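*Asks:* Have a look at the structure that comes next, please.
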Amino acid sequence: MLEQDKKRYWKQNLKYVGVLLSIWFLVSFVFGILLVDELNTIQIGGFKLGFWFAQQGAIYVFVIIIFVYVYLMNKLDKKFHCNE
Amino acid sequence: MSIQVWTWILVGITFSLYIGIAIWSRAASTKDFYVAGGGVSPLANGLATAADWMSAASFISMAGIISFMGYDGSVYLMGWTGGYVLLALLLAPYLRKFGKFTVTDFIGDRYYSNTARSVAVFCALLISFTYVAGQMRGVGLVFSRFLEVNINTGVVIGMIIVLFYAVLGGMKGITYTQVAQYCVLIFAFMVPAIFISIQMTGNVFPQVGFGGMDENGVYLLEKLDKLHTELGFAEYTSGSKTKLDVFFITVSLMVGTAGLPHVIVRFFTVKKVSDARKSAGWALLFIAILYTTAPAIAVFSRVNLIETVQNKEYKQLPEWFANWERTGLITFTDKNADGKVQYLANAKKNELKVDRDIMVLANPEIAKLPNWVVALVAAGGLAAALSTAAGLLLVISASVSHDLIKKMINPNISEKGELIAARVSSVVAVCIAGYFGINPPDFVAATVALAFGLAAASFFPAIVLGIFSKRTNKEGVVSGMLVGILLMLFYMTKFKFGWFGGGTKEDWWLGISPEGFGTVAMLVNMVISLVVSRLTVAPPEEVQELVENIRIPSNAGNAHQH
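Protein sequences, first through last, are from chains A and B. Mapping to this note's numbering: the first sequence position 17 is 17, numbers consecutive. Take any residue in the second sequence, count from 1 to its spot, add 84: that is its number in this note's numbering.
This is how it looks when you write it as C-alpha cells:
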C-alpha cells in the first residue's frame with residue numbers, strides 16, 4: 001500500500017469512528033441522562049421515553065453501531081485492498 | 085422432583101460437559117495456552133466473550149440492584165454495554181493487528197520500556213484479583229442455597245472445576261467451555277423471564293412486556309411508580325442520584341469495561357483484524373440479550389415482591405420466604421407487633437430487609453414457577469461465575485508466566501518451561517481466589533468498583549493514545565498511568581475506607597462519587613500523557629512504524645509479493 005493510500009485509509013476510518021461515536025454519545029449520554037426529564041414527558045406505550053433510552057434503547061443502538069462499523073470497514077478494506 | 089434433586093441433576097450435567105470440553109481441547113503450546121492458537125471463529129469468540137464478561141454480578145446481582153435503584157440502575161445497563169462500542173471502534177482491531185499475547189505486551193512494546201510493562205503487570209494483577217474474589221463468592225452462594233452444602237465446600241468444588249479446565253486447556257479450554265457456559269447461562273436467564281413476562285403481562289418478550297399492562301389494564305411501570313411513592317421510596321422511573329454523578333459513573337464503567345484485560349485479551353484469539361471487529365459485534369449482541377432482559381426482571385420482581393409481602397400476615401407468607409430467611413438474606417422484625425410485614429422506605433418503621441443478590445435467584449420461586457426452572461437458574465449462576473473466573477485466572481497466569489518471567493526475569497526460558505510456569509501460576513491463582521471466596525474481604529463490593537476505576541484510569545488511555553497518537557512516548561504514558569492510578573486509589577480509599585482523613589458524601593469533589601471518579605482519573609491521565617509526551621523526546625523510529633503498521637489491517641509488506 002502506498003504512503004498516501006495509508007493516510008487516506010486512516011482518515012476515512014477516523015471519520016467513521018467520529019460519526020459513530022457521536023451517535024453512541026447521543027443515545028446514551030444525551031437521551032438517557034442529560035435530556036432524560038424532557039424525554040420522560042413523552043410516553044410510548046408503558047414507557048417514558050427517556051427511561052426507555054436509558055434501560056433499552058441505548059443498548060439496541062450500541063449493537064447496531066458495531067455492526068454498521070463492521071460493514072463500513074469491510075468495504076473500506078476491500079477498496080484499499082488491505083483485507084486479509 | 086424437589087428443587088434440590090433437579091439442581092444436582094442440572095449442575096451435574098453442565099459440570100460434566102465443561103470437563104469433557106476441557107479434556108478435548110488441551111493446550112499444547114504457549115500460543116494455545118494464551119490465545120487459543122489464534123484461530124477462534126468470530127462467532128465462537130463472541131459467545132466466549134459474552135460469557136467471559138457476564139459474571140456472577142451480571143447474572144445474580146444486576147437485576148436485583150436495578151430492582152432497588154430503578155432509573156439509577158441504568159448506569160450499569162449503559163455502562164457495561166457501551167464499553168463494547170469503544171472496544172470495537174478504538175481498541176480491538178488494532179490490538180489484534182499488533183498480535184501478541186497480552187495487553188501488557190502492547191504497553192511494553194509500544195512504549196519500549198520495562199517500567200511501563202511493570203506498571204501494566206501491576207494493574208492487570210490488581211484488577212483481576214479484585215474481580216475474581218467476587219466470582220468465587222458467587223459460586224459459594226449458589227451452592228449453599230440450592231444444594232444446601234456449606235458455602236466453603238461450594239467454593240472448593242468450584243475451584244476444582246475451574247482448575248481442571250483453566251490449567252489443562254488454558255485459553256483454548258476456556259474459550260470452548262465459555263461457549264457452552266454462555267448457552268447455559270442465557271437459557272437459564274431467559275426461561276424464567278419469559279415465563280414471568282407471560283404471567284404478568286401476557287407478552288412473550290420481557291423487553292416489551294415490562295412496558296405492558298397487568299390484568300387490570302394498568303401499565304406496570306405506572307403501578308410501580310405509584311407503589312414506590314406510597315411506600316416512601318423515590319419514583320422507580322426517576323431515581324435519586326444527581327445527573328452529573330450518573331453521567332460520570334456511566335463514563336467510568338464504559339471506559340473501564342473497554343480497559344479490562346480479561347475482555348481485551350479475548351480479541352487476540354481470532355484469526356484476523358476484521359474478525360476482531362465482527363466478534364465484538366457478536367459479543368455485544370449476546371450480552372444485550374441478557375442486559376435488555378435484566379431491567380424487565382427488575383420490574384417484575386419488584387412488583388411481585390411488594391405485592392406478595394406488603395401488609396401480609398407473616399405466618400401466611402409463601403414457602404420461599406422461609407427458605408431465604410434461613411440463609412439470612414431476608415430478615416423480618418415485627419417492630420409494631422401486628423404480625424404483618426411492613427415494607428417501607430422509612431428505616432425506623434421498615435420491618436423487612438431483602439438482600440439485592442437474591443432477586444434473580446428467588447424470582448422463579450416468588451413467581452411460583454416449576455422446580456426445574458428454579459434449578460436451571462442455579463446452574464446458570466454457576467456458569468456465569470465460573471466462566472468469568474476462568475478468564476480472569478488466565479490473565480493472572482499470563483501476567484506472571486509471560487509478562488513477568490518470559491519478558492522481564494528470564495527471557496531465555498524454553499516454551500515448555502513457560503507453559504509449566506503458566507500452569508503453576510494458574511494453580512496458585514485459583515488457590516488465592518478460593519481463599520478470598522472463603523474469607524471474603526468486606527470491601528469486595530467497593531473493590532469491584534475500584535477495578536473499573538483502575539482500568540479506566542490506567543489501561544484505556546494508555547492503549548488508545550498508543551494507537552491514535554504517534555507522538556505519545558514512554559515518559560508521557562508512565563507518568564500518566566501512575567498519576568491516574570494513584571489519584572484513583574487516593575479518592576477511593578479516602579471515601580470508601582476513610583483513609584487520608586476520610587469524608588462523606590458532602591465532601592465529594594464536585595459531587596462525584598468514588599464510582600464515577602474513574603472518569604476524572606482517566607481524563608487526568610490523558611492530559612498528563614499528552615503534555616509530558618510533547619515536552620520530551622519523540623518515540624524512536626521503529627515504534628512510530630509499529631503504530632503505522634497496526635492502523636492498517638493487512639501487512640503492507642505483503643503487497644509486492646504477489
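By construction, the Cβ of each residue, glycine as well, lies at the ideal position given by its N, Cα and C atoms. Quantities reported herein were computed from a predicted structural model and do not represent experimental measurements.
Run through the DSSP bridge pairs and tell me what I44/A is partnered with.
*Replies:* Position 44 of the first sequence, counted from the first residue, corresponds to residue 44/A. According to DSSP, I44/A bridges with F47/A.
*Asks:* Starting from V438/B, follow the beta strand (DSSP E) in both directions and report where the run begins and ends.
*Replies:* Looking up residue 438/B in the second sequence gives position 354. Run containing V438/B: L436 to V438, per the beta strand (DSSP E) assignment.
*Asks:* Do the CB positions of G257/B and Y249/B come within less than 7 Å of each other?
*Replies:* What you label residue 257/B is simply residue 173 of the second sequence in a count that begins at 1. What you label residue 249/B is simply residue 165 of the second sequence in a count that begins at 1. In this structure, Y249/B lies closer than 7 Å to G257/B by Cβ.
*Asks:* Which residues does DSSP pair with K500/B in a beta bridge?
*Replies:* Along the second sequence, one-based indexing puts residue 500/B at 416. Paired residue(s): none; K500/B is not in a bridge.
*Asks:* If we ignore side chains and look at the alpha-carbon of each, how far apart do K184/B and W164/B end up?
*Replies:* Sequence index remark: in the second sequence, residue 184/B carries index 100 (1-based). Sequence index remark: in the second sequence, residue 164/B carries index 80 (1-based). If you take the alpha carbons of K184/B and W164/B, they lie about 26 Å apart.
*Asks:* So, for V205/B: in the same chain, excluding its five sequence neighbours on each side, which residues have a beta-carbon less than 7 Å away from its beta-carbon?
*Replies:* As a working note, residue 205/B is residue 121 in the second sequence. Around V205/B: T188, S483, D487 and L488.
*Asks:* Within 10 angstroms of the Cβ of H81/A, are there 16 or more other Cβ atoms? Answer buried if so, exposed if not.
*Replies:* Your numbering for residue 81/A matches position 81 in the first sequence. So H81/A ends up on the exposed side.
*Asks:* Using only CA atoms, which one of V621/B, F279/B and W92/B lies nearest to P448/B?
*Replies:* For the purposes of this step, residue 448/B is taken as residue 364 along the second sequence, with counting starting at 1. The shortest Cα separation from P448/B among V621/B, F279/B and W92/B belongs to F279/B.
*Asks:* Looking at chain B, which residues of the stretch 45 to 69 of chain A have a Cβ within less than 8 Å of any of its Cβ atoms?
*Replies:* Hits within the stretch, in order: G45, G46, F47, K48, F51, W52, A54, Q55, Q56, A58, I59, Y60, F62, V63, I65, I66, F67 and Y69.
*Asks:* At 7 Å on the CB atoms, spell out the chain A contacts of A172/B, in chain order.
*Replies:* The sequence position of residue 172/B within the second sequence is 88, counting from 1. Correct list: I66 and Y69.
*Asks:* May I have the straight-line CA-CA distance separating D309/B from V349/B, to the nearest angstrom?
*Replies:* Working through the second sequence from its first residue, we reach residue 309/B at position 225. Working through the second sequence from its first residue, we reach residue 349/B at position 265. For D309/B and V349/B, the distance between alpha carbons rounds to 42 Å.
*Asks:* Check whether the Cβ of A147/B lies closer than 7 Å to any Cβ atom in chain A.
*Replies:* By 1-based counting over the second sequence, the position of residue 147/B is 63. No - not a single Cβ of chain A is within 7 Å of the one on A147/B.
*Asks:* Per DSSP, Y303/B is paired with what?
*Replies:* As a first step, residue 303/B is located in the second sequence; it is residue number 219 there, counting from the start. Its beta-bridge partners are M297/B.
*Asks:* Which same chain residues end up closer than 6 Å to I414/B when comparing Cβ atoms and leaving out the 5 residues on each side of it in sequence?
*Replies:* Reading the second sequence from its first residue, position 330 is the one you call residue 414/B. Within the same chain, I414/B has close Cβ partners W408 and V438.
*Asks:* Using a cut-off of 8 Å between C-beta atoms, extract the partners of K362/B located in chain A.
*Replies:* To locate residue 362/B, count along the second sequence from 1; it is residue 278. The answer, in chain order, is V70.
*Asks:* CA-CA distance, A640/B and K554/B?
*Replies:* On the second sequence, residue 640/B is found 556 positions in, with the first residue counted as 1. On the second sequence, residue 554/B is found 470 positions in, with the first residue counted as 1. Reliability of the predicted coordinates at A640/B is poor, the pLDDT of 38 falling under 50, and the value obtained from them is presented with this limitation in mind. So the alpha carbons of these two residues sit roughly 18 Å apart.
*Asks:* Helix, strand or coil for K424/B per DSSP?
*Replies:* One-based indexing of the second sequence puts residue 424/B at position 340. Strand.
*Asks:* Would K590/B pass as a contact of I333/B if the rule is Cβ separation under 7 Å?
*Replies:* Position 506 of the second sequence, counted from the first residue, corresponds to residue 590/B. Position 249 of the second sequence, counted from the first residue, corresponds to residue 333/B. Going by the sequence as given, residue 590/B is Glu instead of Lys. No; because the gap between Cβ atoms is not below 7 Å, this pair is not in contact.
*Asks:* Do L252/B and A106/B count as a contact pair if the criterion is CB distance below 7 Å?
*Replies:* Sequence index remark: in the second sequence, residue 106/B carries index 22 (1-based). Sequence index remark: in the second sequence, residue 252/B carries index 168 (1-based). In this structure, L252/B lies closer than 7 Å to A106/B by Cβ.
*Asks:* So which residues of chain B does Y19/A contact, with C-beta pairs closer than 9 Å?
*Replies:* Position 19 of the first sequence, counted from the start, is the residue given in the question as residue 19/A. Note on residue identity: the sequence assigns Val, not Tyr, to residue 19/A. The contacting residues do not exist; V19/A stays about 10 Å from chain B at best.
*Asks:* Going along the chain, which residues of its own chain have a beta-carbon closer than 8 Å to the beta-carbon of G423/B, five neighbours each way excluded?
*Replies:* Working through the second sequence from its first residue, we reach residue 423/B at position 339. Correct list, in chain order: E397, Y398 and K399.
*Asks:* For F31/A, count neighbouring C-beta atoms within 10 Å of its own C-beta (all shown protein chains included) and say buried if the count is 16 or more, exposed if not.
*Replies:* Here residue 31/A is taken as the residue at index 31 of the first sequence, counted from 1. Answer is buried; the Cβ neighbour count reaches 16.
*Asks:* Can you tell me where the beta strand (DSSP E) holding T353/B begins and where it ends?
*Replies:* Position 269 of the second sequence holds residue 353/B. No beta strand (DSSP E) contains T353/B, which DSSP labels as neither H nor E.
*Asks:* Do three or more CB pairs link the stretch 334 to 344 of chain B to the stretch 36 to 46 of chain A at distances below 8 Å?
*Replies:* The answer is no - the stretch 36 to 46 of chain A does not touch the stretch 334 to 344 of chain B, with fewer than three Cβ pairs under 8 Å.
*Asks:* Three or more beta-carbon pairs under 8 Å between the stretch 50 to 66 of chain A and the stretch 366 to 379 of chain B, yes or no?
*Replies:* Yes, they touch.
*Asks:* Using 10 angstroms around the beta-carbon of P495/B, count the other beta-carbons present and answer buried if the total reaches 16, otherwise exposed.
*Replies:* Sequence index remark: in the second sequence, residue 495/B carries index 411 (1-based). Exposed: under 16 other Cβ atoms inside 10 Å.
*Asks:* Using a C-beta to C-beta distance shorter than 7 Å, which residues of chain A count as neighbours of I634/B?
*Replies:* As a first step, residue 634/B is located in the second sequence; it is residue number 550 there, counting from the start. Per Cβ cutoff of 7 Å: no residues; I634/B is ~11 Å from chain A at best.
*Asks:* What would DSSP say about E397/B, mapped onto helix, strand or coil?
*Replies:* Counting from one through the second sequence, the residue named residue 397/B turns up at place 313. E397/B falls in the strand class under three-state DSSP.
*Asks:* DSSP on V124/B, reduced to helix/strand/coil?
*Replies:* As a working note, residue 124/B is residue 40 in the second sequence. Here V124/B sits in strand by DSSP.
*Asks:* Which residues of chain B have a Cβ atom closer than 7 Å to the Cβ of I33/A, listed in chain order?
*Replies:* Stepping through the first sequence from its first residue, residue 33/A is reached at position 33. Chain B residues near I33/A: K327, V330, F331 and T334.
*Asks:* Would you please state the rounded distance, in angstroms, between the beta carbons of A380/B and G464/B? I believe it to be under 8 Å.
*Replies:* Mapped onto the second sequence, residue 380/B falls at position 296. Mapped onto the second sequence, residue 464/B falls at position 380. With a Cβ gap of about 16 Å, A380/B and G464/B do not count as contacting.
*Asks:* What residue range does the alpha helix (DSSP H) around T411/B cover?
*Replies:* Here residue 411/B is taken as the residue at index 327 of the second sequence, counted from 1. Looking at the DSSP string, T411/B is not in any alpha helix (DSSP H), and its letter there is neither H nor E.
*Asks:* Taking Cβ positions only, does K6/A come closer than 7 Å to chain B?
*Replies:* Indexing the first sequence from 1 puts residue 6/A at position 6. Interface residue, yes.
*Asks:* Run through chain B and tell me which residues come within less than 8 Å of E38/A, C-beta to C-beta.
*Replies:* One-based indexing of the first sequence puts residue 38/A at position 38. The premise fails here: E38/A is roughly 12 Å from chain B at the closest Cβ pair, so nothing lies under 8 Å.
*Asks:* Just curious, the alpha helix (DSSP H) that T214/B is in, first and last residue?
*Replies:* Numbered from 1 along the second sequence, position 130 holds the residue referred to as residue 214/B. Its alpha helix (DSSP H) spans residues N198 to F230.
*Asks:* Does any C-beta atom of chain A lie closer than 7 Å to the C-beta of Y303/B?
*Replies:* Position 219 of the second sequence, counted from the start, is the residue given in the question as residue 303/B. Cβ-Cβ to chain A under 7 Å: yes for Y303/B.
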